[in-house]
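In the working numbering, the protein residues as written are 11 to 215.
In this text, a Cβ means the ideal position worked out from N, Cα and C, and glycines have one as well.
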């Protein structure tokens, strides 16, 4: 799964700075988090197709809202197209979520969990595959997950679908096959344990 990730605005990425600048130029109702750790319900920069089918940056809130108020922050890529909650997103509303790393926790005994920062092995800005929908006039997104790469399977049994940068445009284009693009997800990832970041309490998501 993916329950927290990071946007590092100090990262030397012109692409990330351009995305943030484009979002900041738009009129949004809520503050947009453009740096630091991102939590479910945060409003963040996301890349999706505009009305001309061109890549553009938008502010979206993380998590679909169910009738009981629960947030759905992840969707299994293997079954998303078959589930009514996610089908429309897979077919026509796909997005790419920029990040500099995401976090996962490994249970090491009792209630203790060790925190790891995970990113593609070559470093740099990357994108997680997402889908979105409109709730009460506001776009909200969910991040697709898949079985983990062998190098991080010891931490958790799921990971976000990480897109090669060259495929971001194809992913957000609903005319392209989602299944074919998902098969080309990035699996060469590295994990670094966050020292002093073991957590004793249950995660809030």
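Going by DSSP, residue 111 is part of the beta strand (DSSP E) stretching over 111 to 119.
For a cut-off of 8 Å, the C-beta gap from residue 139 to residue 154 is around 5 Å, short enough to register as a contact. The continuous stretches of beta strand (DSSP E) do not include residue 188, which lies in the alpha helix (DSSP H) extending over residues 188 to 192. Taking a cut-off of 8 Å on C-beta distances, the region 178 to 192 does not touch the region 114 to 129, as fewer than three cross pairs fall below it.
Under the DSSP assignment, residue 28 falls outside any beta strand (DSSP E), being part of the alpha helix (DSSP H) whose first and last residues are 24 to 35.
Counting only residues of its own chain and dropping the five nearest sequence neighbours on each side, residue 68 has a CB closer than 6 Å to the CB of 56, 58. Counting only the Cα atoms, residue 70 lies some 27 Å from residue 131.
In the DSSP annotation of this structure, the continuous segment of the alpha helix (DSSP H) that includes residue 97 starts and ends at 94 to 102. Per the Cβ contact rule, the region 91 to 111 is in contact with the region 133 to 149 (3 or more Cβ pairs under 8 Å).
Taking 8 Å as the upper bound for CB-CB distance, residue 203 and residue 126 are in contact here, some 5 Å apart. Counting of Cβ neighbours within 10 angstroms places residue 199 among the buried residues, the total reaching 16 or more. Its chain contains 87, 171 as the residues whose beta carbon lies nearer than 6 Å to that of residue 156, once the 5 sequence neighbours on both sides are disregarded; these appear in chain order. Comparing alpha carbon positions, the residue from 52, 27, 182 closest to residue 13 is 52. For the pair residue 18 and residue 47, the Cα-to-Cα distance works out to about 8 Å. Residue 39 holds the alpha-carbon nearest to the alpha-carbon of residue 146 among 39, 29, 35, 23. In the structure shown, residue 154 falls within a strand segment according to DSSP collapsed to helix, strand and coil.
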